[in-house]
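See structure below.
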Amino acid sequence: MLGVPIAIVFSNGVEWLVHKYVLHGLGARKSSFWSFHWHEHHRNARRDGFFDPDYQRSAFGWHAQGKEVLGLFGLSILVTPLLPWAPYFVLTAYFTAYYYYRCHKRAHQDPVWARAHLPWHYDHHMGQNQHSNWCVTRPWFDHILGTREPYAGTDRERADVEKRADREARAAARAAE
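Residue numbers (my numbering): 647 to 823.
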């Protein structure tokens with residue numbers, strides 16, 4: 647049974663590492679398989695106020711969401727050989743991969759929910775520094791490794807919301823002319 651909490655902590659660490667070094671590190675190059683994260687997912691979230699329309703598509707396809715599912719499946723396969731010796735660890739790791747996907751999908755389909763329940767992930771996309779706040783499900787490794795930068799509810803967020811609203815109002819006024 648000790649495998650359950652170990653897998654939960656392990657999975658949060660893997661979440662942090664993969665997000666920082668694979669999705670943002672390798673994914674910064676447009677030719678990389680992982681570029682979908684930075685060049686599609688981040689673009690969509692910034693453009694659409696954290697909403698990502700890719701999450702309205704099937705999880706099975708050669709697009710950002712499908713590649714995310716494929717990556718989670720691949721990570722799950724990596725722990726499978728441990729099943730005979732650490733069944734609780736492996737089964738919990740499978741669950742955390744599923745939980746990650748469900749949280750991430752819901753967050754980008756419902757930005758209000760995300761801001762309230764996963765503010766660290768909201769901060770990752772909407773804050774000034776998109777190279778911080780690497781965790782999605784729980785901010786544990788961001789706190790441990792000093793990469794947690796709050797944005798939601800700050801003066802900076804309020805100023806950004808006002809600036810965005812002003813920009814949209816001016817665009818609407820120009821379109822009405």
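The C-beta atom is built at its ideal place from N, Cα and C for all residues, glycine as well.
Every value quoted in this text rests on a predicted model; they were computed, and no experiment measured them.
| Query | Result |
| --- | --- |
| Segment limits, alpha helix (DSSP H) that includes residue 722 | 710–725 |
| Cutoff 7 Å; reference residue 674; Cβ partners in own chain excluding five residues on either side | 684 |
| Endpoints, the alpha helix (DSSP H) within which residue 665 is located | No alpha helix (DSSP H) contains residue 665, which DSSP labels as neither H nor E. |
| Limits of the alpha helix (DSSP H) - the one that residue 791 falls within | 786–791 |
| Span separating the alpha-carbon of residue 711 from that of residue 704 | 8 Å |
| Residue 768 and residue 740 closer than 9 Å at C-beta | no |
| Three or more C-beta pairs below 8 Å linking the segment 663–682 and the segment 735–754 | no |
| Whole runs of the beta strand (DSSP E) within the segment 729–755, excluding any shorter than 3 residues | none |
| contact_flag[the segment 717–724, the segment 766–782] where n(CB pairs < 8 Å) is 3 or more | no |
| Option nearest residue 715 by Cα separation, candidates 689, 731 and 745 | 745 |
| Distance, residue 756 Cα to residue 762 Cα | 10 Å |
| When 759, 754 and 648 are compared against residue 771, the one with the closest alpha-carbon | 754 |
| Residue 777 in three-state terms, based on DSSP | coil |
| Beta-carbon proximity list for residue 681, same chain, < 7 Å, skipping 5 on both sides | 673 and 675 |
| Opening and closing residue of the alpha helix (DSSP H) in which residue 759 lies | 757–763 |
| Burial state of residue 687 (16 or more Cβ within 10 Å) | buried |
| Residue burial classification, residue 777 (beta-carbon count within 10 angstroms, cutoff 16) | exposed |
| Same chain, Cβ closer than 7 Å to residue 666, five either side skipped, listed in chain order | 780 |
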